[in-house]
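K.L.:
Numbering (this note's numbering), first residue to last: 29 to 173.
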């Protein structure tokens, strides 16, 4: 059963309706700052990821989701690691909605090195891989369509 969702998307098409649907099912929403702002502006309750990690987003947003409170919540096997997770004060994350920075588009339009580097997604890829590793317990959504 999905109780908690992490939503961190670059491409925000449809995310408000999707989050509204999740909230209507009683699912707690966690988001990074940009997504959280959009969801709040549309009347949704959302927990900032920094409230979960106890750490503000740093390095101009380069580090947001790379934290044991997030990765542990995604990677914990529900059948045998929930006690350990609980002892650490970490709650499971059951659904991850994430899409990546548009690196390929940026390169294809001839952007310079600095812009290209800023569009290499690290956290998003990590969220996808962690969710895939624990596919038996975590739903992963990557495409806004």
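Note that beta-carbon positions come from the ideal geometry of N, C-alpha and C, so glycine has one too.
#1: Are the region 66-83 and the region 123-142 in contact at 8 Å, needing three or more beta carbon pairs?
#2: My output table needs one value for residue 136: the three-state DSSP class, helix, strand or coil.
#3: What runs of the beta strand (DSSP E), each 3 residues or longer, lie entirely inside the region 35-87?
#4: Distance check for residue 55 and residue 100, CA to CA, integer angstroms please.
#5: Using a Cβ-Cβ cut-off of 6 Å (strictly less than) and excluding sequence neighbours within five positions of residue 97, which residues of its own chain qualify?
#6: Consult DSSP for residue 166 and reduce its assignment to one of helix, strand or coil.
#7: Just the Cα atoms here: how many angstroms apart are residue 137 and residue 112?
#8: Are the CB atoms of residue 174 and residue 76 nearer to each other than 8 Å?
#9: Pick out whichever of 106, 133, 67 and 57 has its Cα sitting closest to the Cα of residue 161.
P.N.:
Quick answer:
#1: no
#2: On the chain shown, residue 136 is found 108 positions in, with the first residue counted as 1. Helix at residue 136.
#3: Given a length threshold of 3 residues, each whole run of the beta strand (DSSP E) inside the region 35-87 is given here in chain order: 56-59.
#4: Locating residue 100 in the chain shown gives position 72, counting from the first residue. Locating residue 55 in the chain shown gives position 27, counting from the first residue. For residue 100 and residue 55, the distance between alpha carbons rounds to 19 Å.
#5: Position 69 of the chain shown, counting from 1, holds the residue named residue 97. Around residue 97: 80, 81 and 118.
#6: Mapped onto the chain shown, residue 166 falls at position 138. In this structure, residue 166 counts as coil in the three-state DSSP scheme.
#7: Along the chain shown, read from residue 1 onward, the residue named residue 137 stands at position 109. Along the chain shown, read from residue 1 onward, the residue named residue 112 stands at position 84. Going by the C-alpha atoms only, they are around 47 Å apart.
#8: Outside the shown range of the chain (29 to 173) lies residue 174, about which nothing can therefore be said.
#9: Here the question's residue 161 lines up with position 133 in the chain shown. The candidate whose alpha carbon is nearest that of residue 161 is 106.
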